[in-house]
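K.L.:
Here it is: the structure, laid out below.
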Amino acid sequence: MTDTAYDAPSGNPTARRSLAASAAKPLQWLLKLLPGIVLLLFWQWASGRLIKEIYVSKPTAVAQRLYELFASGEIYPHLWTTGQELVFGYIIGVAGGVIGGYALGRSPRLARIFEPYVMAFYGIPKIALAPLFIIWFGIGMGSKIALAAIMVFFLVFYNVFAGVRSVDRELVNLTLIMGANQRQLTSHVFLPAAAPYVMLGMRLAIPYSVIGVIVGEFTSSAQGLGLFIHEASSTYDPAGVFAGIVILLAFVTVANVLAGRLERRLLRWRALSGAGPADI
């Protein structure tokens, strides 16, 4: 009986897979961290030997600079300003992209009228709009929010537009034959079909919202991480520049993790139905 109890987990394929997955997690984390560790070690060694330290500083100097920035509180006003610009710009861009993409995706007539204009505006380098937005909205947060929102908008818009247009017309007709009204058609057919595209657009838009805000702060700003990095560069402070970049990387990483969790929560039905993408 003892032998049977002992052998039961090993004879259970699900248990074996669970144990194997648990054992593999530390190795997966090590493989993820290893390239970064190697890069940091090489950077530390090469700074002052292969490249002048005034150009690239050292990881230890960057870490020291980060500690000083947070210990003194110097960085907090910049963090607060950039954080607000990112959040508001991202939310406005996502909301506008979802509404616009859904409206044009549902209406072929509207798509034929407005799609050429959207394509034309999409072709404009968004960075070139920064001076114009500063003229319109001033050097405060408004211009950075507008620039981030416009960069996010187009990515989300085209993903939602593609998602709505990808819905099988026969499925729509069948749903209408079964007596569904437009509200039910939206909630049970179009939104589930567009949801993966929305989440993809939202994740792709995260770094672009950061780019929009930082470019706006580079151009003209009273506060923000972009201004901090620009001033550090102007005073030949590479440790300060890299410290600002590290903080931006932390912003993007946290936002990506949160977006990934939201995606898994909202699209749980895809995993259950096997509709998700296959692992390669």
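All residue numbers for the sequence shown refer to UniProt numbering, where the first residue is 1 and numbers rise by one.
For each residue, glycine too, the CB sits at the ideal point set by N, CA and C.
Tell me whether the beta-carbon of V213 lies closer than 8 Å to the beta-carbon of E74.
P.N.:
For the purposes of this step, residue 213 is taken as residue 213 along the sequence shown, with counting starting at 1. For the purposes of this step, residue 74 is taken as residue 74 along the sequence shown, with counting starting at 1. Contact: no.
K.L.:
Can you find the residues in the same chain that come closer than 7 Å, C-beta to C-beta, to F242, ignoring five residues on each side of it along the sequence?
P.N.:
As a position in the sequence shown, residue 242 is number 242, starting the count at 1. S57, V62, listed in sequence order.
K.L.:
Within the same chain, show all residues whose beta-carbon is closer than 6 Å to that of M151, passing over the 5 residues directly before and after it, in chain order.
P.N.:
By 1-based counting over the sequence shown, the position of residue 151 is 151. Hits under 6 Å: K126, Y208, G212.
K.L.:
With DSSP as the reference, please indicate the residues paired to S47 in a beta bridge.
P.N.:
As a first step, residue 47 is located in the sequence shown; it is residue number 47 there, counting from the start. S47 is bridged to I51.
K.L.:
Rounding to the nearest angstrom, what Cα-Cα distance links W80 and L69 in this structure?
P.N.:
In the sequence shown, residue 80 corresponds to position 80, counting from 1. In the sequence shown, residue 69 corresponds to position 69, counting from 1. Their backbone Cα atoms lie some 14 Å apart in a straight line.
K.L.:
Return helix, strand or coil for S234, following the three-state DSSP convention.
P.N.:
What you label residue 234 is simply residue 234 of the sequence shown in a count that begins at 1. It is helical.
K.L.:
Determine whether the beta carbon atoms of Y102 and V160 lie at a separation below 8 Å.
P.N.:
Walking along the sequence shown from the start, residue 102 turns up at place 102. Walking along the sequence shown from the start, residue 160 turns up at place 160. Yes; because the gap between Cβ atoms is below 8 Å, this pair is in contact.
K.L.:
On the DSSP letters alone, give me the boundaries of the alpha helix (DSSP H) that T186 sits inside.
P.N.:
Within the sequence shown, residue 186 is the residue found at index 186, counting from 1. Unbroken run through T186: none, as it is neither H nor E.
K.L.:
Using 10 angstroms around the beta-carbon of I158, count the other beta-carbons present and answer buried if the total reaches 16, otherwise exposed.
P.N.:
Looking up residue 158 in the sequence shown gives position 158. Looking at the sequence shown, residue 158 is not Ile but Tyr. Per the 10 Å Cβ criterion, buried.
K.L.:
Measure the alpha-carbon distance for L31 versus K25 and round it to whole angstroms.
P.N.:
Stepping through the sequence shown from its first residue, residue 31 is reached at position 31. Stepping through the sequence shown from its first residue, residue 25 is reached at position 25. Approximately 10 Å between the Cα atoms of the pair.
K.L.:
Check whether the stretch 188–208 and the stretch 252–265 touch, using three or more Cβ-Cβ pairs below 8 Å as the test.
P.N.:
The stretch 188–208 vs the stretch 252–265: in contact.
K.L.:
Could you check which residue in R203, G226, R109 has the C-alpha nearest to that of G240?
P.N.:
Within the sequence shown, the letter at position 240 stands for residue 240. Taking only the C-alpha atoms, the option nearest G240 is G226.
K.L.:
So, at 7 Å on beta carbons, what are the nonlocal neighbours of P131 in its own chain, with the 5 sequence-adjacent residues on each side left out?
P.N.:
Mapped onto the sequence shown, residue 131 falls at position 131. Excluding positions up to five away in sequence, the list reads T219.
K.L.:
So, A255 versus I177, is the Cβ gap smaller than 8 Å?
P.N.:
The residue you call residue 255 lines up with position 255 of the sequence shown. The residue you call residue 177 lines up with position 177 of the sequence shown. Against a cut-off of 8 Å, the Cβ pair of I177 and A255 comes out as no contact.
K.L.:
Let me know the secondary structure DSSP gives P125 once reduced to three states.
P.N.:
Position 125 of the sequence shown holds residue 125. Residue state, collapsed to three classes: coil.
K.L.:
How big is the Cα-Cα spacing for L66 and Y236?
P.N.:
In the sequence shown, residue 66 corresponds to position 66, counting from 1. In the sequence shown, residue 236 corresponds to position 236, counting from 1. Using only the alpha carbons, I get a separation of about 16 Å.
K.L.:
Mapping DSSP to helix, strand and coil, what is residue 281?
P.N.:
The structure shown does not extend to residue 281, since the chain spans only 1 to 280, so no value can be given for it.
K.L.:
Following the continuous alpha helix (DSSP H) through V167, name the residue where it begins and the one where it ends.
P.N.:
Counted from its first residue, the sequence shown places residue 167 at position 167. Per DSSP, V167 belongs to no alpha helix (DSSP H) and is neither H nor E.
K.L.:
How far does the alpha helix (DSSP H) with G97 in it extend, from its first residue to its last?
P.N.:
Translated into positions along the sequence shown, residue 97 becomes position 97. Here the alpha helix (DSSP H) through G97 covers 76–106.
K.L.:
Measuring alpha carbon to alpha carbon, tell me which residue in F190, F42, V252 is nearest L204.
P.N.:
Walking along the sequence shown from the start, residue 204 turns up at place 204. Among F190, F42, V252, the Cα nearest to that of L204 belongs to V252.
K.L.:
Within the same chain, show all residues whose beta-carbon is closer than 8 Å to that of L200, passing over the 5 residues directly before and after it, in chain order.
P.N.:
For the purposes of this step, residue 200 is taken as the residue at position 200 of the sequence shown. Excluding positions up to five away in sequence, the list reads N159.
K.L.:
Would you give the residue range spanned by the alpha helix (DSSP H) that S72 belongs to?
P.N.:
If you number the sequence shown from 1, residue 72 lands on position 72. Per DSSP, S72 belongs to the alpha helix (DSSP H) from 59–72.
K.L.:
So, is H188 buried or exposed, given that buried needs 16 or more other C-beta atoms within 10 angstroms?
P.N.:
Position 188 of the sequence shown, counted from the start, is the residue given in the question as residue 188. Flag for H188 reads exposed.
K.L.:
Using CA coordinates, which residue listed in G97, I124, F190 is at the minimum distance from F154?
P.N.:
As a working mapping, residue 154 is identified with position 154 in the sequence shown. Closest option to F154, Cα to Cα, is G97.
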